[in-house]
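Each residue of the sequence shown is one higher than the one before, counting from 55 in the working numbering. Written out below as structure tokens is the structure these notes cover.
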Amino acid sequence: MAILNTIKMTTDTLHTIPLTKFRDLFPDAPQIAVGDDFFIMDIRLTEKHRPLGHPCRFDGFLLLYCVSGRIRLNVNLSEYEIDEGMMYLHVPGNIVRVNELVDTAQENVRYVCVAMSNDFVKGLHFDANKVFNEGMAMLENPSARLSDDEMEIMNNGLNLVSQIVQKDLPYKKDVLNSLISSMFYMIMGVWNDRSEDNRIGNLTRSRMIFDHFIKLVSEYHTQYRNVGFYADKLCLTPKYLSKLIKNATGRSAPDWIDSYVILEAKNLLKYSNATVKEIVYKLNFPNQSVFYKFFKARTGMTPTEYRNS
């Protein structure tokens, strides 16, 4: 795909697609923008045009509001189904891919996407401590369903934001910041009030050990793949940690670790210009042969075959 050539990154960093390049994934989508820091797009997906089919990151905040249709998203190895009247919040650092368009026959999979850079979010007028202390449900479970009244408020708010963006108004940026800050508070309230766990399989909720384990894996998987490292961090024996993870999720601790490594490898192979040798170094494998065997055993393809697929 031509777009892949535009989002290649240097080899000295793990790949993250700049927010400006996210817009390039949907060249035909109607959109309005304030520079490169804020934009709203009306996205329609079909099987012929289904970006994000491979794991990727973005360096900003994305709020997807489903107008119609249904998709399945994989976010950090958990699967979510997002349909009409639901929101999905993407935060920097998450790895996301579109697993499936459920309603492809209708050709009516439509989302409004509000995208904000990190700098734009920093400039919003809200109490960040309050948002992230009281709104952890938003980060732990990034999808939530709106009531009919909330959908109407969201529609009205997005329409007002769109109108302001297109007008030449005094203090336009301040007006936008205040309005979007108000919408953030409403969204936070929705998540706190009744965040709906839409993860297929209903993984992790009250299992604190698994939550701590998976956060550590997310942070250290490019450096450490042995269960002992994570057990030490959690002050547990490897055997006991493995038992807890298996009981909580039905999957072994090594399987979770390997899944994160594979996700990272796929991201680098598809969206960076790093050589396989450089990826081997980034992911802390002893040599290319070990990495090739590891990757093929878990994907059915060699790294080169996956990159070219």
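Built from N, CA and C at the ideal position, the CB exists for glycine as well.
Check	Outcome
What number of angstroms, rounded off, separates the C-alpha of Asn130 from the C-alpha of Val315?	11 Å
Taking DSSP as the reference, what is the three-state secondary structure of Ser272?	helix
Please look up how many angstroms separate the CB atoms of Leu200 and Gly282, rounded, as I've assumed it's under 8 Å.	Not really, about 45 Å apart at Cβ, beyond 8 Å.
Just to confirm, is the Cβ distance from Arg77 to Ala87 under 9 Å?	yes
Can you tell me which of the three DSSP states Tyr325 falls into?	helix
If Gln85 sits next to Phe93, beta carbons under 8 Å apart, how far is it from one beta carbon to the other, in whole angstroms?	6 Å
Does DSSP put Asn187 in a helix, in a strand, or in coil?	Residue confidence for Asn187 is low, a pLDDT of 46 falling below 50, so the modelled location carries little weight; the figure read from the coordinates is stated next. Note: Asn187 maps to helix in three-state DSSP.
Around the Cβ of Thr70, are there at least 16 other Cβ atoms within 10 angstroms (buried) or fewer (exposed)?	buried
I'd like to confirm the pairing. Which residues does DSSP put opposite Asn128 in its beta bridges?	Glu133 and Arg151
Taking 9 Å as the cut-off, decide whether the C-beta atoms of Glu204 and Met240 are in contact.	yes
Specify the secondary structure class of Gln277 as computed by DSSP and reduced to three states.	coil
Quick one: grab the DSSP three-state call for Phe283.	helix
For Gly354, which of helix, strand or coil comes out of DSSP?	coil
What would DSSP say about Arg77, mapped onto helix, strand or coil?	helix
Give the secondary structure of Ser201 by DSSP, where H, G and I count as helix, E and B as strand, and everything else as coil.	coil
Pick from Lys336, Lys324, Lys347 and Thr329: whose alpha carbon is nearest that of Asn363?	Checking the sequence, you will find Ser at residue 363 rather than Asn. Of Lys336, Lys324, Lys347 and Thr329, the residue nearest in Cα terms is Lys324.
On the criterion of 16 or more Cβ atoms from any shown chain inside 10 Å, does Gly123 qualify as buried, or is it exposed?	buried
In whole angstroms, what is the alpha-carbon distance linking Gly304 and Val121?	34 Å
Return the residue from the list Arg279, Ser171 and Gly89 that minimises the CA-CA distance to Gly147.	Ser171
At a threshold of 8 Å, does Tyr165 count as lining the ligand COA (C-beta to nearest heavy atom)?	With respect to small molecules bound, the structure shown includes none, and the ligand COA cannot be examined in it.
Under a three-way DSSP split, which group does Ser122 fall into?	strand
Locate the beta strand (DSSP E) running through Leu143, then write down its first and last residues.	Met140 to His144
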